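2 protein chains.
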Amino acid sequence: MSKKQLIMERALELFAKQGFEATSVQQITDHCGISKGAFYLSFKSKDELIFSLIDYFMTQLISDIDYKVKNAQNEELLFTYFYTSFQTFFQHSDFAKVLMKEQAQTLHNKELIEKMHLYDRLLDKVTLSMIERLYGEEVNKTKYDLVYCIKGLMGNYSKLMLFSNASLDLKLLSESLVEKTNLLANHATIAFISEDFIQSMEQPALGEVTKEQLLEMITQKTDELEESIEKESLILLKQQVLEPSLSPAIVKGLLENIRNHPHCKWISYLLRSYFNF
Amino acid sequence: MSKKQLIMERALELFAKQGFEATSVQQITDHCGISKGAFYLSFKSKDELIFSLIDYFMTQLISDIDYKVKNAQNEELLFTYFYTSFQTFFQHSDFAKVLMKEQAQTLHNKELIEKMHLYDRLLDKVTLSMIERLYGEEVNKTKYDLVYCIKGLMGNYSKLMLFSNASLDLKLLSESLVEKTNLLANHATIAFISEDFIQSMEQPALGEVTKEQLLEMITQKTDELEESIEKESLILLKQQVLEPSLSPAIVKGLLENIRNHPHCKWISYLLRSYFNF
DNA sequence: TTGACAGTTGACCGATTAGTCATTATTATA
DNA sequence: TATAATAATGACTAATCGGTCAACTGTCAA
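Residue numbers (full-length UniProt numbering), protein chains in the order written: chain W, 1 to 277; chain E, 1 to 277.
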């Protein structure tokens with residue numbers, strides 16, 4: 001394990017307990033068994049550490065949920081959405097706790113708050129596309145409102161379960177939320193959040209990347225990886241972005257190859273969007 | 001305005017913008033136009049200030065909602081609940097922002113976290129009693145779950161509106177939530193939160209006070225008040241607690257007298273519970 | 001005019017923080 | 001083994017924090 005990963009893992013444990021601001025670099029290095037100077041060899045500041053943590057987990061979270069949602073049958077779609085979300089959340093419960101604690105306006109780095117908002121909106125986008133697919137035109141007037149209801153319900157249940165040490169039946173919780181979502185989608189008529197409301201809030205462009213940024217990211221990740229199937233797949237995918245020559249089946253297979261590598265989830269997500277899978 | 005009130009008002013503005021931990025005493029005193037020493041003449045620590053703020057606003061918030069809910073007709077009950085909650089919330093939006101930011105585990109004072117939990121549970125209690133009154137035995141299995149759904153929905157909409165500067169139609173929002181609550185109450189069958197779950201979480205006693213504590217609080221408040229109808233009412237109510245002699249109508253009238261005084265809302269709430277109004 | 005007094009001030013204190021860098025330890029190379 | 005290159009250390013700095021207290025100000029009765 002690289003020193004960077006060690007620091008990230010151990011720091012996350014402290015952040016989950018005490019919060020980001022309340023945890024000093026000294027505490028982190030003590031908890032890692034390294035010196036303070038060594039910390040600054042891996043991260044150029046404490047802020048860069050929390051940046052890395054949020055990027056690392058949020059990209060995994062979003063791409064995981066997006067993949068599961070895109071590849072689920074309609075009958076199991078809602079359940080899959082909730083179950084995957086909660087599962088991923090509790091799999092990385094330390095990170096989830098940090099996210100809850102520092103949610104919205106506790107952190108004072110402007111850039112970081114913007115990043116969080118961006119990820120937040122990306123998650124909304126996944127939820128919205130699921131709703132549109134499930135209920136179609138019928139919920140055109142209420143779908144944005146529905147997204148916020150789902151978010152509110154999930155957030156509250158997550159908070160409850162993360163900070164109480166109760167044993168958790170994720171299956172029951174997911175089933176319960178499936179029922180509620182169906183009720184609200186099929187019978188609610190009064191929407192508070194409209195499309196106008198959404199548009200009046202978001203000015204900056206959504207998390208889209210240009211072809212050039214995508215290529216650059218692939219190059220960077222390729223350099224980081226050891227020789228492996230994942231690395232070879234990435235190289236082939238890069239060529240495919242530069243000049244398409246492979247069949248869709250091959251491209252899909254290559255994407256599948258890198259999907260479960262923790263460091264490739266985000267690129268996998270971006271490439272799936274790029275190739276329309 | 002007393003110096004204490006000045007500090008509380010001005011500090012709240014800063015806390016809403018920056019959060020409690022991120023605001024220094026120096027900033028507060030600068031913003032008040034007083035010296036650092038003067039701050040410590042009114043509050044013996046920075047913690048005591050946030051304590052006072054939370055007590056001052058939470059007691060008002062809870063007693064307001066409780067009163068409105070207890071005195072509303074069944075047909076308008078849900079709407080009144082939501083509308084009053086949101087109205088009170090946005091009337092004191094600076095405090096609401098502080099509450100959102102520091103919710104749960106950001107603050108590091110153990111006593112303060114306990115206090116917040118207590119107020120949280122008191123609000124749950126108000127919500128639960130409303131649900132029981134509205135839907136009766138029919139929701140016995142799902143009522144605790146319903147409380148958490150309502151809380152999640154309200155919390156999410158509140159967050160959205162407090163931190164976006166959008167114009168707000170509280171009537172529409174309340175109507176929308178009335179519809180949703182009715183849908184969930186009348187048709188949801190799968191409850192995730194059960195009575196057992198609740199009981200397994202709360203060990204300490206709920207915010208009940210003994211007769212002695214109640215009398216002491218009344219005495220203290222009486223001393224603080226100027227000569228007024230409110231003060232006279234309080235004195236009479238104290239006697240009524242010591243040895244009941246007045247008719248229910250008179251007691252209710254006396255309670256009404258003090259209900260809207262900012263410093264008496266909490267005592268009014270406690271007395272209403274004590275006298276079963 | 002004096003002196004007692006309540007109210008107010010801001011320089012100061014000890015503790016803690018993120019971040020630096022000269023020094024030392026370890027490893028790789030020749 | 002000797003030398004160069006790299007990795008790791010922890011004492012140090014400058015800044016900020018909550019909280020204290022000797023000194024100062026203005027008021028009013030004597």
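Each residue gets a CB set at the ideal place from its N, CA and C atoms; glycine is no exception.
Quick caveat, the model's predicted, so the values are computed rather than measured.
Chain-order list of chain W residues neighbouring E:N140: empty, with the shortest C-beta distance near 16 Å, by a criterion of under 9 Å. Between W:M8 and E:S45, the alpha-carbon positions lie close to 35 Å from each other. The alpha-carbon separation between W:K159 and W:L170 amounts to approximately 14 Å. For E:F277, the secondary structure class from DSSP, reduced to helix, strand or coil, is coil.
Rounded to the nearest whole angstrom, the C-alpha separation of E:V98 and E:K115 is 15 Å. Taken through DSSP and simplified to helix, strand or coil, W:A16 comes out as helix. If you check each beta-carbon in the segment 184-195 of chain E against every beta-carbon of chain W, the ones closer than 8 Å belong to L184, H187, A188, T189, I190, A191, F192, I193.
A Cβ of chain E is located within less than 7 Å of the beta carbon of W:N156. Under the three-state reduction of DSSP, E:T23 is assigned to coil, being neither helix nor strand. For the UniProt domain "HTH tetR-type" (1-61) of chain W, the set of positions with a beta-carbon nearer than 7 Å to some beta-carbon of chain E reads G19, E21, A22 in chain order.
The C-alpha of W:S167 lies about 29 Å from the C-alpha of W:L146. Residues of the segment 123-152 of chain E that bring their beta carbon within less than 9 Å of a beta carbon in chain W comprise D145, Y148, C149, K151, G152, in sequence order. Judged by beta-carbon spacing, E:L122 lies beyond the 7 Å limit of E:L214, meaning their Cβ atoms are not closer than that value. Identification of residues in the segment 171-183 of chain W having a C-beta nearer than 7 Å to some C-beta of chain E yields L172, L173, E175, S176, E179, K180, L183, given in sequence order. Here the alpha carbon of E:K4 sits roughly 18 Å from the alpha carbon of E:A16. In chain order, A188, A191 place their CB closer than 6 Å to the CB of E:T142, counting only its own chain and leaving out the 5 sequence neighbours on each side. Interface flag for E:M217 against chain W is unset, since no Cβ pair is found closer than 7 Å. Between W:F79 and W:V178, the CB-CB gap stays under 7 Å. Taking 8 Å as the upper bound for CB-CB distance, E:M201 and W:S164 are in contact here, some 5 Å apart.
Boundaries for W:P262: no alpha helix (DSSP H) harbours it, and the DSSP string shows neither H nor E there.
Ranked by how close their Cα comes to the Cα of E:I50, the residues E:I65, E:T84, E:L14, E:T222 have E:L14 in first place. For W:M116, no Cβ of chain E is located within less than 7 Å of the residue's own Cβ.
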